[in-house]
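This report refers to the structure that appears directly beneath it.
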DNA sequence: TTTCTTACA
DNA sequence: TGTAAGAA
């Protein structure tokens, strides 16, 4: 049986993402507002994140911890 | 109980 | 960025 979760499939609620990234809910929502991440939404308008979203946030946190601002991060991660 | 949006002493 | 409020 395949128990792996495809990295592009969104399944985690924000509470899990907070624990996995050490970012606050405020930060996670703000980064979405800034277009750095685009998590999906479920029928209840709840954000649901994929492993890809989580890796992206970890990368963002790394930059934030280095003192880089949103504009700078946007430029570097502009995919 | 958890998450969402909006607003700001 | 944190936190308060009110809604869902």
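Residue numbers (this note's numbering): 287 to 365. Every residue, glycine too, gets a C-beta built ideally from N, C-alpha and C.
When DSSP reads this structure, residue 327 sits in a beta bridge with 333. Looking at 322, 341 and 287, the one whose alpha-carbon comes closest to that of residue 298 is 341. Using a C-beta cut-off of 8 Å, the segment 323-336 makes no contact with the segment 350-362, since fewer than three inter-stretch Cβ pairs fall below that distance. Using a Cβ distance threshold of 8 Å, residue 338 and residue 290 do not count as a contacting pair. Looking from the CA of residue 335, the closest CA among 356, 287 and 295 belongs to 295. CA-CA distance, residue 307 to residue 344, rounds to 6 Å.
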